[in-house]
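Okay, structure first, notes after.
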Amino acid sequence: MTYEKKLFSISSDKTQLSRFSGDKEAWPVYISVGNIAKSVCRQTSKCAMILLGYIPITKLECLSEATRKDRAYRLFHYCMSYILGLFSGLSS
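Numbering of the sequence shown is given in the numbering used here, commencing with residue 367 and proceeding in unit increments.
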């Protein structure tokens with residue numbers, strides 16, 4: 367019997383979407399095979415990273431300063447759970 371290890375890397379980093387639209391920002395979420403060298407992953411021409419989706423960034427101005435940070439943290443992790451949950455039924 368053969369066992370395979372399938373390692374993937376998930377990454378995200380806050381980025382500005384457009385210079386022309388002001389302060390619109392998002393967290394793009396990328397996936398790649400885990401054993402690709404960093405020098406290759408960072409070259410966009412190599413297509414080593416695949417965009418899974420965008421997590422929106424909101425200022426949450428309707429909330430008080432005390433709860434804003436916690437809600438932003440929860441929103442980010444809820445969105446990541448949702449995106450990664452799409453892969454839960456793919457394993458055999």
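Every residue, glycine too, gets a C-beta built ideally from N, C-alpha and C. As the structure is a prediction and not an experimental result, all values here were calculated from the model.
Using CA coordinates, which residue listed in the options is at the minimum distance from residue i?
i, options, result
"Ala414", "Ala392, Pro394, Ile402", "Ile402"
"Pro422", "Leu450, Ser377, Thr433, Val395", "Val395"
"Thr424", "Ile376, Ser375, Ala392, Ser377", "Ala392"
"Ile376", "Gln409, Ile416, Gln382, Val406", "Ile416"
"Lys380", "Tyr448, Phe442, Gly455, Phe453", "Phe442"
"Ser378", "Cys445, Gly451, Ser454", "Cys445"
"Lys390", "Tyr420, Ser411, Ser405", "Tyr420"
I need the DSSP call for residue i, collapsed to helix, strand or coil.
i, result
"Met367", "Unreliable placement is indicated for Met367, whose pLDDT of 47 sits below 50; the coordinate value is still reported in the next sentence. Coil at Met367, not helix or strand."
"Ala403", "coil"
"Ile449", "helix"
Using a threshold of 7 Å, state whether the C-beta atoms of residue i and residue j are closer than that.
i, j, result
"Arg440", "Leu426", "no"
"Leu373", "Gly400", "yes"
Give me whichever residues DSSP pairs with residue i in a beta bridge.
i, result
"Thr381", "Ala392"
"Ser411", "Per DSSP, none; premise fails for Ser411."
"Leu417", "Tyr396"
"Phe374", "Val399"
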